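Residue numbers for the sequence shown, in mature numbering (1 follows the signal peptide of the UniProt record, and there is no 0): -21 to -1, 1 to 1081.
For glycine and all other residues, C-beta sits at the position ideal for the given N, C-alpha and C.
Keep in mind the model is a prediction, meaning the values are calculated, not measured.
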Amino acid sequence: MAPRLSLAVFILVALAAASQATEEKQFAGEKEIDLKGEKGDVALDDLFHDVDGDKSSQDPGRLVKSLHPNHRMKRGFLGGIGKAVGGLLKGVVSIGGLLLGRGKAEKAATNWDPRMYQFQLEQLCHSICVTEWTDWSACSNRCGGGTRTRTREQQTIGRCAELQNFQCAKKLEATSRCNEDCANGGRGDGSGNCACLVGWKGQCCDEEIVCPHPLKPENGRVTGTWPARVRSVASFTCNEGYHLAGRDSITCQPDGTWNGEPPKCSRVVCTMPAAKDHVEILNVQEKYAFDDQLVYRCQEGYQMVGAAIRTCQLDQGDTGKWSGIDPICDPISCGDPGVPSHGQRDGTAFYFNDVVTFTCQTGYKLEGADRRKCMATGTWSGSTPVCKEIKCDAPRRPKNGEIIGSRYTFGSIVTFECDAGHVIQGSHAVKCLETGFWNATEPRCQAASCGNPGQPANGAKDGSVYYYPSNITYSCFHGYVLVGTKSIKCKADGKWSGSVPTCEACPVNTYMPSGSKTCSPCPANTHTLTEASTSQDQCVCDDGYSGPAGGPCQEVKCPPLSQPDHGTSSACGDRPGDVCEFRCDDGYIMEKGSAMRTCQGNGQWDGTDATCAPCLQNTYKSDERSCLPCPVHSHTDGVANMKSGCTCDAGYTGNAGGPCVDIDECAPNGGRGPCDDVCDNNDGGYKCSCSIQGYGISPENKHVCVVEQQCRNLTTEDAPLNGGLVCHWYREQNSQQCSVKCNKDYEFPSRINDYESCGPSTGFIWSHQQEDPENTFKPCLEQFFPDFRLEAESAYFVRACNDLTPEERLAVRQEFADKLTAEGICLKRTTKVCDVANVDIICGRTTRRRRRRGVDEVVESVDFSFNLTAKKMFNETKDCDKICQFLRIPDAFCSELCFPTFRRFMRATMLYAKRQLTQKFSNEKNRMKFMAARREFEPDDVKTSDVVVACEEGMRAANETCVPCQPGTYLDKGVNDCLPCSSGQFQPLERQLQCLPCPVGTTTKSPGARMCSVCPDGSYGDNCQETCDCVNGRCDPRDGSCLCHSGWEGARCEVDVPGCREGSCYQGVQCIDIPAPGLGFRCESCPPGMLGDGASCRAGSS
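Next up, the structure:
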């Protein structure tokens, strides 16, 4: 009895050998080895054989044959085979489960013992003459039919090169069809093109064609269904008073455009009618809209016959009509105005705007209007005139004169005469005119005038009347003497009796005593300052003399002067005019007082006492009045210095008094001087600084650099979940870099860089926290195995398929799925390897007639579309230990073979199910019949696609695994990547296909947000884009209203809530408002003689 070969032996040998049925040789008398696993396990040998692409195998379950034609396998595994092969395999068996893998098979070929059979070497070389298959390439087309390929290369290992005429017959390239379907009923041409049904477009017919929403016409409406699909209709109507200009409906065309432009609603209009004579239209315009009014009026002097207002009404089409008829205007009559007595009228027409005129006979004048006009009111303008006799008023008698004549009617003349001594001023005679006025004004009788004679300088004139016989008297001011006539008189001939006198001043050094009209000399040793002095007090002492005003005056002397401290003086006299000079010692300047003083005539020295002050420290005496600063970079050791006292500052060198030049302290020590890092020489010294950002000079030692700002060291708490950090510190840049290292079977989400940095360029903030300090490293994510599935379509015939009710269709789908399960499509022995899903039926593509039991009947085709999906016992890549245990992969090979083996296993299960499905519909078609909905379903054929590899919804493909999109991201199927949510959107869940907009009043701090944050104060609305100004409150993030702080009210919380209101405090007690943020009020004390808190008081005393 041949021993059972363990499953692990089979897997490793199958992976290494990948033998084909055409390459296997049948030897007479062989004993085949049973490669089944334990009861209930899948026979994995034939599954992996299919993965290798050798579909011609008729007996894939017999992969490993006896290696010698005349020897049967016995317990001990390959016992009795030649020494070298037996020793090699014996070494494998002896380690208890570390069996022959591809690497060891290649080693066996390299170390092959030439004494062994050549056919054994040929078998071994056949098993390793090609490399592993590459992964399938991406499908050449996304839909409509495409191809994908995979390849492998030939290789010659070890002694395989010594085989004569050896050829590796294995295929090096495999091709399969993929992505045959088109969306929404489209049909593919097999070359990646889809012919779309009407209403769909796009390469894969996955974009529905819709027309844009047509604009609603102004003053109209549009109705229809939205979005507007192909062949949908948009209808248009207009409001009352408007008519439709254009089509009343348009249709959405297959190209996504409307078959016409939307119409417009034009208002019904009336044209302006022609106006009749003397008729005016007040609101003249080119056109009038529906319901507009036309307003008429008559020209002035005319009255209307007919309606004054007409309205634009509906008629036909876009043209309206006016209500009523055109009005007319008739002229207005005023009647006969009459003729005045002693006068006549000119004019006999009495209608509107007609004019009549009136005149009077000679000697009469017209009182009233001489012209009257017929007005629009039907009356004459003005009042009826009368003719009255013309008379002039009696003329006035001139003063000092007489009137000659007493008749004052039209044409009369009167004359005037003046009394003796007066002359007439004006006309001697006047005449009464037809106007009722004299032809000139009454004259005056004027007395004779001598004119103003003038007044003397420094004198006065008494009298202001200059007519005959007036007198004028003159006088001089005190201090002046009158020379000439004191009084003059106006004579009858209009001339003065004499000339104007003059006033001469008292000379200098004289004065005019009070009450006197003559000048007196000043006392001895005195003098006056000006002429025309009026008293002895104006005589002042001469220079060198002193005394009271008016004398007597005595000789004067100046007091002696003392020299200033730190100064000297010249010899000084004491007589008026004598000069005294002062100087300050070296280093001292005259700060106050006069350097030269003169003895004045009043016995006082002019100027002030001199004061000598020292020049301040770091200055020197420049002249008697000024101190200048020491030359640049020099100083003095005290005050009161000359320029020679200025010595050079520390850090400078030079002579006393300068100039001083800088000493370069940074020259030694390679330009660093006494500094630890950088030395900057400056005037009079140096400054140490640090070249590395984030470092500064130590407060304790100004020559040493110490760290002032540095990045926070990341710890294990900062590391991502399921991973760690590898960090480096660069002292020269004072920066750090940390890269993420994920644990085995985990992946880190892709980022712009493969590391996070922190340093001066990031403001000493880690780059992943610059936008939001709360950001952390995204976790290392678990990886999942993809789904393996194939799509199939099986054809059946049944009668009356289109008559199936929804309930019957559901029952048919279930019965079909149960039939596939019952026939073992997804069973390998007793193990379920796949699932049937997404069963659907399509009735009536074709029909045919058949005769059954003597009866002709018509049957319809029915297509069942469904998916077969590999059953994943394990989903996550971290399940490798379980996978290796399930597939019996030795621990030593688990990490290397877990992923590829399990994926090959999944693919193999689908190829097995595909083979089973094809075989059932080809060789066992009658077994696929079934009954459902009282109908018999007869199978025809089946079509299957290639095995499709895809990730679950919300996962992205990465290195032949699936990584779920995390919260804050969504899957973009177009780029097969998890993209961060845009600003203003969030996603709290994983494996999502879109992000959610933030609710009103919230937003996100940055892209990739898991949650939305409430708007910061001062903003509100959608994405916090609106701003608000609450002076003493905060903004409601939803609507922007102000929520006031304590003590405030008003729309912007700008009003202090008033605490004091009527009746707050007891009568007469002052109420004091508590200012915001406080609330309420307080009351002053109760009135005297009362007790209480001020809000309420009662009689009593404390």
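Exercise. In or out: residue 512 buried (at least 16 other Cβ within 10 Å) or exposed?
Worked result: One-based indexing of the sequence shown puts residue 512 at position 533. Taking a 10 Å sphere around the C-beta of residue 512, we find 16 or more other C-beta atoms and assign the residue as buried.
Problem set entry | Within 8 Å, strictly: CB atoms of residue 802 and residue 882 | If you number the sequence shown from 1, residue 802 lands on position 823. If you number the sequence shown from 1, residue 882 lands on position 903. Residue 802 is not a Cβ neighbour of residue 882, given a cutoff of 8 Å.
Exercise. From what residue to what residue does the beta strand (DSSP E) around residue 874 run?
Worked result: Position 895 of the sequence shown, counted from the first residue, corresponds to residue 874. Counting along the chain, residue 874 falls outside any beta strand (DSSP E), though it belongs to the alpha helix (DSSP H) covering 870 to 902.
Problem set entry | Backbone secondary structure at residue 908 - three-state DSSP | Counting from one through the sequence shown, the residue named residue 908 turns up at place 929. In this structure, residue 908 counts as coil in the three-state DSSP scheme.
Exercise. What whole-angstrom Cβ distance do residue 963 and residue 989 have, given they're in contact under 8 Å?
Worked result: Indexing the sequence shown from 1 puts residue 963 at position 984. Indexing the sequence shown from 1 puts residue 989 at position 1010. Not quite, the Cβ-Cβ distance comes to about 14 Å (not below 8 Å), so this is no contact.
Exercise. Which residue or residues does DSSP assign as beta-bridge partners of residue 1053?
Worked result: On the sequence shown, residue 1053 is found 1074 positions in, with the first residue counted as 1. Beta-bridge pairing links residue 1053 to no other residue.
For this session: Kindly indicate the opening and closing residues of the alpha helix (DSSP H) around residue 105.
Result: Along the sequence shown, one-based indexing puts residue 105 at 126. Here the alpha helix (DSSP H) through residue 105 covers 97 to 106.
Problem set entry | Euclidean distance between Cα positions of residue 314 and residue 361 | Position 335 of the sequence shown holds residue 314. Position 382 of the sequence shown holds residue 361. For residue 314 and residue 361, the distance between alpha carbons rounds to 14 Å.
Exercise. Among 891, 1032, 1057, 1021, which one has its Cα closest to the Cα of residue 1038?
Worked result: Stepping through the sequence shown from its first residue, residue 1038 is reached at position 1059. Comparing alpha-carbon positions, the option among 891, 1032, 1057, 1021 lying closest to residue 1038 turns out to be 1057.
Problem set entry | Neighbourhood of residue 307 by C-beta, 6 Å cutoff - its chain only, sequence neighbours within 5 removed | As a working note, residue 307 is residue 328 in the sequence shown. Around residue 307: 255, 284.
For this session: Give the DSSP-derived three-state secondary structure of residue 414 in the structure shown.
Result: The residue given as residue 414 occupies position 435 in the sequence shown. When secondary structure is reduced to three states using DSSP, residue 414 falls in the coil class, being assigned neither helix nor strand.
Exercise. Does DSSP put residue 519 in a helix, a strand or coil?
Worked result: Along the sequence shown, one-based indexing puts residue 519 at 540. Reduced to three states, the DSSP call for residue 519 is strand.
Exercise. Is it buried or exposed for residue 928, if we count other Cβ within 10 angstroms and need 16 for buried?
Worked result: Reading the sequence shown from its first residue, position 949 is the one you call residue 928. It is buried - the Cβ of residue 928 has at least 16 other Cβ atoms within 10 Å.
Problem set entry | Residue from 199, 764, 389 whose Cα sits closest to the Cα of residue 225 | As a first step, residue 225 is located in the sequence shown; it is residue number 246 there, counting from the start. Closest option to residue 225, Cα to Cα, is 199.
For this session: Take residue 714 as the anchor and find which of 690, 726, 721, 723 has the nearest alpha-carbon.
Result: Translated into positions along the sequence shown, residue 714 becomes position 735. Considering only alpha carbons, the answer is 690.
For this session: Taking residue 469 and residue 448 to be in contact with their CB atoms under 8 Å, please state how far apart those CB atoms are, rounded to whole angstroms.
Result: Your numbering for residue 469 matches position 490 in the sequence shown. Your numbering for residue 448 matches position 469 in the sequence shown. Rounded to the nearest angstrom, the Cβ distance from residue 469 to residue 448 is 6 Å, consistent with a contact under 8 Å.
Problem set entry | Span of the beta strand (DSSP E) around residue 265 | Counting from 1 along the sequence shown, the entry for residue 265 is found at position 286. According to the DSSP assignment, residue 265 belongs to no beta strand (DSSP E), since it is labelled neither H nor E.
Exercise. Which one of 277, 519, 493 has the shortest CA to CA distance from residue 505?
Worked result: What you label residue 505 is simply residue 526 of the sequence shown in a count that begins at 1. Measuring from the Cα of residue 505, the nearest candidate turns out to be 519.
Exercise. Tell me which same chain residues have a C-beta within less than 6 Å of the C-beta of residue 273, skipping the five on either side of it?
Worked result: For this step, residue 273 is matched to residue 294 along the sequence shown. Within the same chain, residue 273 has close Cβ partners 289.
For this session: For residue 1072, name the three-state secondary structure that DSSP assigns.
Result: One-based indexing of the sequence shown puts residue 1072 at position 1093. For residue 1072, the secondary structure class from DSSP, reduced to helix, strand or coil, is coil.
Exercise. Straight-line CA distance for residue 572 to residue 630?
Worked result: The count along the sequence shown starts at 1 and reaches residue 572 at position 593. The count along the sequence shown starts at 1 and reaches residue 630 at position 651. Those two C-alpha atoms are separated by around 41 Å.
Problem set entry | Same chain, Cβ closer than 8 Å to residue 598, neighbours up to 5 away in sequence not counted | Here residue 598 is taken as the residue at index 619 of the sequence shown, counted from 1. Closer than 8 Å at the Cβ level, and outside the excluded window around residue 598, lie 606, 607, 608, 609, 615, 620.
Problem set entry | C-beta contact flag for residue 980 and residue 1016 at 8 Å | To locate residue 980, count along the sequence shown from 1; it is residue 1001. To locate residue 1016, count along the sequence shown from 1; it is residue 1037. A contact, by the Cβ cut-off of 8 Å.
Exercise. Where do the N-terminal and C-terminal ends of the beta strand (DSSP E) with residue 272 fall, by residue?
Worked result: The residue labelled residue 272 in the question sits at position 293 within the sequence shown. First-last of the beta strand (DSSP E) with residue 272: 272 to 277.
Exercise. CA-CA distance, residue 895 and residue 959?
Worked result: Position 916 of the sequence shown holds residue 895. Position 980 of the sequence shown holds residue 959. CA-to-CA, the gap between residue 895 and residue 959 works out to about 44 Å.
Exercise. Where does the unbroken beta strand (DSSP E) through residue 389 begin, and where does it stop?
Worked result: Counting from 1 along the sequence shown, the entry for residue 389 is found at position 410. No beta strand (DSSP E) contains residue 389, which DSSP labels as neither H nor E.
Exercise. From this set, 251, 282, 259, which residue's C-alpha is nearest residue 299's C-alpha?
Worked result: Sequence index remark: in the sequence shown, residue 299 carries index 320 (1-based). Distances from the CA of residue 299 to each of 251, 282, 259 were compared; the closest alpha carbon is that of 251.
Problem set entry | Option nearest residue 151 by Cα separation, candidates 577, 128, 159, 145 | In the sequence shown, residue 151 corresponds to position 172, counting from 1. When only C-alpha atoms are compared, the closest one is 128.
Problem set entry | Whole-angstrom distance between residue 747 and residue 844, CA atom to CA atom | As a first step, residue 844 is located in the sequence shown; it is residue number 865 there, counting from the start. As a first step, residue 747 is located in the sequence shown; it is residue number 768 there, counting from the start. Distance between the alpha carbons of residue 844 and residue 747: 49 Å.
Exercise. So is residue 383 buried or exposed if we call it buried at 16+ other beta carbons inside 10 Å?
Worked result: Counting from 1 along the sequence shown, the entry for residue 383 is found at position 404. Residue burial is scored here from C-beta neighbours: residue 383 has fewer than 16 other C-beta atoms within 10 angstroms and is therefore classed as exposed.
Exercise. With distances taken from CA atoms, which of 435, 177, 381 is nearest residue 422?
Worked result: Along the sequence shown, read from residue 1 onward, the residue named residue 422 stands at position 443. Of the listed residues, the one whose Cα sits closest to residue 422 is 381.
Exercise. Can you name the residues that DSSP bridges to residue 360?
Worked result: For the purposes of this step, residue 360 is identified with residue 381 of the sequence shown, where counting begins at 1. DSSP lists no partner for residue 360.
Exercise. How big is the Cα-Cα spacing for residue 358 and residue 405?
Worked result: In the sequence shown, residue 358 corresponds to position 379, counting from 1. In the sequence shown, residue 405 corresponds to position 426, counting from 1. Linking residue 358 to residue 405 through their CA atoms gives a straight-line distance of about 49 Å.
For this session: Determine the contact status of residue 679 and residue 660, defining contact as a CB-CB distance below 8 Å.
Result: For this step, residue 679 is matched to residue 700 along the sequence shown. For this step, residue 660 is matched to residue 681 along the sequence shown. Their beta carbons are not under 8 Å apart, which means residue 679 does not touch residue 660 by this criterion.
Problem set entry | Cβ-based burial, residue 889 [other Cβ within 10 Å; buried from 16] | By 1-based counting over the sequence shown, the position of residue 889 is 910. With 16 or more other Cβ atoms within 10 Å, it is buried.
Exercise. In terms of residue numbering, what span does the beta strand (DSSP E) encompassing residue 684 cover?
Worked result: Position 705 of the sequence shown, counted from the first residue, corresponds to residue 684. In the DSSP assignment, residue 684 falls within the beta strand (DSSP E) that extends over 684 to 686.
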